[in-house]
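Only one structure is covered here, and it is reproduced in the block below.
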Amino acid sequence: MECSQRFSRQPRGWVDSLPLIGVGTLLFVLYLPVLHALLAQWLDDSNYRHGLLIPVISGIVLYRRREVLKDARSGGGTTTGIALIIAACVLLLAGTAASELFTMRLSIPTFLIGLALFLRGWEFTRKAAFPLLFLYMMIPLPYIIYYKITFPLQIMSAKLSSGILEILHVSILRRGNILLLPNYTLEVVAACSGLRSLMTMVTLSLILALFSDISLTRRIVLVLCAVPAAFMANTLRLVVTALGAYTVGPDFADGILHQISGLIVFLTGLILLVVALGILRKIR
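Under our numbering, the first residue of the sequence shown is numbered 39, with each subsequent residue one higher.
This is the structure we're talking about:
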């Protein structure tokens with residue numbers, strides 16, 4: 039009797055998993071071209087290379103919360119998820135028809151959130167909200183929006199850097215986004231605008247907020263701190279490059295300084311965020 043009960047339980051687990059396996063297979067086939075193009079852009083475009091880490095981090099968070107999520111499964115699904123699934127399908131079809139990558143990519147996390155609501159309900163989705171919403175950070179901005187944002191940031195970064203260099207008594211003249219030194223011309227191009235630093239710092243601040251033991255309000259403040267941290271780090275890179283060219287020479291600025299400039303930005307931003315996290319922990 040006991041053997042027959044064990045035998046009868048085992049196939050039931052497979053039967054219960056069939057809908058999820060079917061949905062997972064359909065989802066993979068449906069989004070394979072979109073995911074392939076997204077992966078290619080992550081690898082080719084240094085502005086969005088952090089996108090490679092985001093699905094991995096979301097997966098780690100979901101795995102760490104597996105016991106909490108398992109307890110939330112008893113809530114049952116909600117039909118609200120169907121609306122999001124339909125919306126995701128509309129985004130995918132519209133993006134495919136218009137050959138618009140951003141719209142197609144937006145449908146990926148939207149579909150997953152809708153699926154979580156439909157299959158598991160509100161309690162499960164609420165507890166899995168951060169890793170699911172975090173997936174939106176992996177989607178590159180359309181280039182038309184990217185360049186609309188970068189030019190004002192280029193001007194702002196150039197103004198701030200030239201102001202600091204003047205305080206340091208460096209002979210400098212600014213023309214728009216170009217910094218003119220006696221022996222060097224530093225153009226603040228789109229890659230130096232600070233947008234790349236901002237996206238990296240926001241992603242990093244979200245990761246720190248996730249794994250820290252502070253309240254939700256303080257986590258939000260920490261993420262907001264990513265904005266000044268990114269601009270301070272990017273400005274430091276421009277100032278250090280200009281000082282290197284002014285004091286040592288253009289070859290030094292274009293050589294070793296240029297090679298380590300990304301590391302300077304990352305480490306500066308990381309230090310500022312860790313300091314901000316330490317302050318938030320100490321505030322009563």
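Think of the CB as a built atom: it goes at the ideal place given N, C-alpha and C, for glycine as much as any other residue.
Which residue or residues does DSSP assign as beta-bridge partners of residue i?
{"i": "residue 216", "result": "213 and 225"}
Taking residue i and residue j to be in contact with their CB atoms under 8 angstroms, please state how far apart those CB atoms are, rounded to whole angstroms.
{"i": "residue 209", "j": "residue 224", "result": "Residue 209 to residue 224, Cβ: 13 angstroms. No contact."}
{"i": "residue 177", "j": "residue 140", "result": "7 angstroms"}
{"i": "residue 308", "j": "residue 254", "result": "About 22 angstroms; that fails the 8 angstroms criterion."}
{"i": "residue 315", "j": "residue 250", "result": "6 angstroms"}
{"i": "residue 197", "j": "residue 213", "result": "Not confirmed; about 12 angstroms, so no contact."}
{"i": "residue 333", "j": "residue 191", "result": "Residue 333 cannot be examined here, being either before or after the span of the chain that is shown, 39 to 322."}
{"i": "residue 62", "j": "residue 115", "result": "With a Cβ gap of about 16 angstroms, residue 62 and residue 115 do not count as contacting."}
{"i": "residue 156", "j": "residue 120", "result": "6 angstroms"}
{"i": "residue 221", "j": "residue 283", "result": "7 angstroms"}
{"i": "residue 189", "j": "residue 110", "result": "Not quite, the Cβ-Cβ distance comes to about 46 angstroms (not below 8 angstroms), so this is no contact."}
Along the chain, where does the alpha helix (DSSP H) containing residue i start, and where does it finish?
{"i": "residue 272", "result": "264-285"}
{"i": "residue 329", "result": "Since the first residue shown for the chain is 39 and the last is 322, residue 329 is missing from the structure and cannot be characterised."}
{"i": "residue 181", "result": "181-205"}
{"i": "residue 300", "result": "296-320"}
{"i": "residue 89", "result": "Neither: residue 89 is in no alpha helix (DSSP H) and is coded neither H nor E."}
Next on the checklist: Taking contact to mean 3 or more Cβ pairs, one atom from each stretch, closer than 8 angstroms, check whether the stretch 265-276 and the stretch 222-233 are in contact.
Outcome noted: yes
Checklist entry - Does the pairing of the stretch 132-146 with the stretch 167-179 give three or more beta-carbon distances under 8 angstroms? => result The answer is yes - the stretch 167-179 touches the stretch 132-146, with three or more Cβ pairs under 8 angstroms.
Item to check | At least 3 beta-carbon pairs within less than 8 angstroms: the stretch 237-255 vs the stretch 77-93 | outcome: yes
Checklist entry - Touch check for the stretch 249-263 and the stretch 180-190: three-plus C-beta pairs under 8 angstroms? => result Not touching, per the Cβ criterion.
Item to check | alpha helix (DSSP H) runs contained entirely in the stretch 107-191, provided each spans 4 or more residues | outcome: 118-136, 139-158, 160-165 and 167-172
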